[in-house]
Amino acid sequence: MLFNSPIFLFAFLPVFLLVYLASPMWLRNLVLFTGSVFFYFTTSKELTVILVLSVVANYYVALWIQRNPGRNGRNWMIVGVVINLAPLLYYKYTEFLVQTANDAAHLLGANWSIPRPAIPLPIGISFFTFQALSYVVDAYWGRIRAAGNLIDFGMYHSCFPQLIAGPIVRYEEIHNSVRQRQIDLDKVHRGIVRFCIGLGKKCIFADNLGIVANHAFGTPSVELNSALAWVGVAAYTLQIYFDFSGYSDMAIGLGSILGFKYPENFDQPYRARSVTEFWRRWHMTLSRWFRDYLYIPLGGNRVTLIRNLANLFAVFLLVGLWHGAAYTFIVWGMLHGSLLVAERLTSRWAGVAPHGFLGWAYTLFAVMISWVFFRAETLHGAVAYLRVMFLGNAAAPPLTHLFAILAPDKAVYMVLGALIALFPFEAIRTERFNRTAYLSLEAAFCTMLFLFSAMQMSVNGFTPFIYFRF
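First residue of the sequence shown: 366, per the numbering used here; consecutive thereafter.
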């Protein structure tokens, strides 16, 4: 079930909210837990058992950690980490490990290969695994107290707004709202507005720009010209931002309607003036997760410069691998890790850091080049695409091929998308407006946004969010 599908928007969501808001507080966690498991089941079917087992296992592991402080608690924490990582490694990385072994064998001249298994990937497993890991580790570190009962924890761990693609919500961020949360008209209003903005990002911008990106990246390199290649990566740069930030907006909006305050996940990352700043603005909950649960435990900034740089590079290698079990994601992570290491070195040794317009141009260029590896199906395809981008292709069709793909409406979406991604919205002072007039204007805008998004859904279909496969 997709957030941008009629069955969710006009069936599941209104029925669920009616039952949830009509229920007394003591019953709402059960309603939300049950509704979330059903939501997950509609997409994952029998693989829902992985989520349910994760709920039960992590609930009891955290309780045992809390009841056994010291060494025994540490042992239970290790058990919890293994319990969470084992399904992730099996379902997400087994096929890749087999493929890697076969590739290594072929490079060494072997004429055998291991049969590659076909293992279905539970949707959103990377997200709910990292959420569970933070819960178990925080219980061991004493940052949180374990949930009081299985329903309360199950509600947190499987909460459908952010279950499949984040943001990664830590228990300490919402623990005050687990047993008691206030739902008022202001929160509901803000939640609806945020949800509609996210829906518009996805249906109006991401899906339309995705058509252009799919054409470009789906064109064989022998038929691809430089102009189309650059337009394709520009379209994908905007598509992935509006797709993922749109989902985050919808999740945060739904959370607000339900009485939660979820952490922000995006802060206009394409305005960043360095790759370091980019990662403070892009997928912020994932960046903070790797910082707090891997980078800092490895020593953070308290170790020697060489070790610090090695840790930073290793973390982003894992960030790439977290996104997908493929060589392209590893290269994407290594590229970002290398750029972060280079920025830290130049800042430490030369006192020079990217800034201003040149810093923004360099960052956007570097990020766009990295997206080629993220989007391409294979390393060979990514390299071939980059070759056409920078060296051209004399055998490719003329520019008329580009204009046939980049229709006028798609060009408008690209220009508007770029303006929205870069506009300094914080400069708008809403308190200067009359509150009643502002709320009325906001409601009218969201109504039009919702209706236009529904029209776009009927035209473009119901495409999954990009981060669903992670």
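Glycine included, each C-beta is placed from N, C-alpha and C at the ideal position.
A quick note: this is a predicted structure, and the numbers were derived from the prediction, not measured.
- By the neighbour-count definition (other C-beta atoms within 10 Å, threshold 16), H688 is a buried residue.
- With 16 or more neighbouring CB atoms inside 10 Å of its own CB, V696 falls in the buried class.
- For the region 710–770, not one full-length beta strand (DSSP E) segment reaches 3 residues or more.
- When DSSP states are grouped into helix, strand and coil, N630 belongs to the coil group.
- Rounded to whole angstroms, the gap between the alpha carbons of F609 and L659 is 24 Å.
- Shown here, D572 sits in a helix according to DSSP, grouped into three states.
- Taking R638 as reference, the option from S652, R544, A726 with the minimal CA-CA separation is A726.
- Annotation note: the region 421–472 contains the following uninterrupted alpha helix (DSSP H) runs of length 4 or greater, listed N- to C-terminal: 436–453, 459–472.
- Taking the CA atoms as reference points, L651 sits about 11 Å from E629.
- When DSSP states are grouped into helix, strand and coil, C561 belongs to the helix group.
- Each residue's CA atom was taken as its position, placing E588 and F738 some 19 Å apart.
- About 17 Å separates the beta carbon of Y521 from that of Y505, a gap too long to meet the 8 Å contact definition.
- Bounds of the alpha helix (DSSP H) holding L816 are 800–825.
- Counting C-beta atoms within 10 angstroms of its own C-beta, V777 has fewer than 16 neighbours from the protein chains shown and is therefore classed as exposed.
- For S621, the uninterrupted alpha helix (DSSP H) run begins and ends at 591–623, by DSSP.
- With fewer than 16 other Cβ atoms from the protein chains shown falling within 10 Å of its own Cβ, Y455 counts as exposed.
- In the pairwise beta carbon analysis, the region 563–576 is classified as touching the region 366–381: at least three pairs are separated by under 8 Å.
- With a threshold of 16 other beta carbon atoms within 10 Å, L787 falls short and is exposed.
- Contact between C524 and F815 is ruled out by a C-beta separation of about 23 Å, above the 8 Å threshold.
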